[in-house]
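Undergrad: A single structure is presented below for examination.
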Amino acid sequence: MQIFDAILANFVGEMPGICVFSETCGDALIMEHNGDLFSCDHFVYPEHYLGNILEKPMIELVKSQRQFDFGIDKRNKLPRYWQRKEV
Numbered sequence: 188m189q190i191f192d193a194i195l196a197n198f199v200g201e202m203p204g205i206c207v208f209s210e211t212c213g214d215a216l217i218m219e220h221n222g223d224l225f226s227c228d229h230f231v232y233p234e235h236y237l238g239n240i241l242e243k244p245m246i247e248l249v250k251s252q253r254q255f256d257f258g259i260d261k262r263n264k265l266p267r268y269w270q271r272k273e274v
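This is the structure:
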């Protein structure tokens with residue numbers, strides 16, 4: 188049902204609600220038990236580490252340029268083949 192809902196949302200021009208169907212990413216951050224925050228729950232790797240909420244306010248990490256770049260890279264760094272709008 189969730190996938191059908193995402194397809195329908197895309198069809199009518201709404202946000203799909205599932206990041207894999209979105210044009211950009213960045214809304215599914217993950218926090219470890221120690222306060223470490225990462226850009227995505229699928230990418231808990233050092234290169235996607237944003238910081239620790241005990242050292243910096245969470246809102247600053249979430250709204251950081253690094254997080255913005257992570258989200259927009261999904262669209263901007265896709266191979267040309269996948270960027271075509273044709274289905």
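All the letters of the sequence shown, read from the start, carry residue numbers 188 to 274 under my numbering. Virtual Cβ for every residue (Gly too), placed ideally from N, Cα, C. These figures come from a predicted structure and were not determined experimentally.
Between the stretch 195 to 203 and the stretch 242 to 250, can you find at least three pairs of beta-carbon atoms closer than 8 Å?
TA: Touching, no.
Undergrad: In chain order, what residues of the same chain lie with their CB nearer than 7 Å to the CB of Gly204, ignoring the 5 residues before and after it?
TA: Counting from one through the sequence shown, the residue named residue 204 turns up at place 17. Same-chain partners within the cutoff: Asp192, Ala193, Ala196.
Undergrad: Relative to the C-alpha of Ser226, which residue among Lys261, Met188, Val249, Ser209 is closest?
TA: Counting from one through the sequence shown, the residue named residue 226 turns up at place 39. Ser226 has its Cα closest to that of Val249, out of Lys261, Met188, Val249, Ser209.
Undergrad: Inspect the beta-carbon positions of Leu237 and Gln254 and report whether they are closer than 7 Å.
TA: Residue 237 sits at position 50 when you count from the first residue of the sequence shown. Residue 254 sits at position 67 when you count from the first residue of the sequence shown. Closer than 7 Å, so yes.
Undergrad: Tyr232 bridges to which residues according to DSSP?
TA: One-based indexing of the sequence shown puts residue 232 at position 45. Tyr232 is not bridged to any residue.
Undergrad: Can you name the residues that DSSP bridges to Asn239?
TA: Taking the sequence shown and counting its residues from 1, one reaches residue 239 at position 52. Beta-bridge pairing links Asn239 to Asp223.
Undergrad: Helix, strand or coil for Met218, going by three-state DSSP, please let me know.
TA: On the sequence shown, position 31 is the one that residue 218 refers to. Looking at Met218 - three-state DSSP - the assignment turns out to be strand.
Undergrad: Given that a residue counts as buried once 16 or more other Cβ atoms are within 10 Å of its Cβ, and exposed if not, what is Leu224?
TA: The sequence position of residue 224 within the sequence shown is 37, counting from 1. Counting Cβ neighbours within 10 Å, Leu224 comes out buried, since at least 16 surround it.
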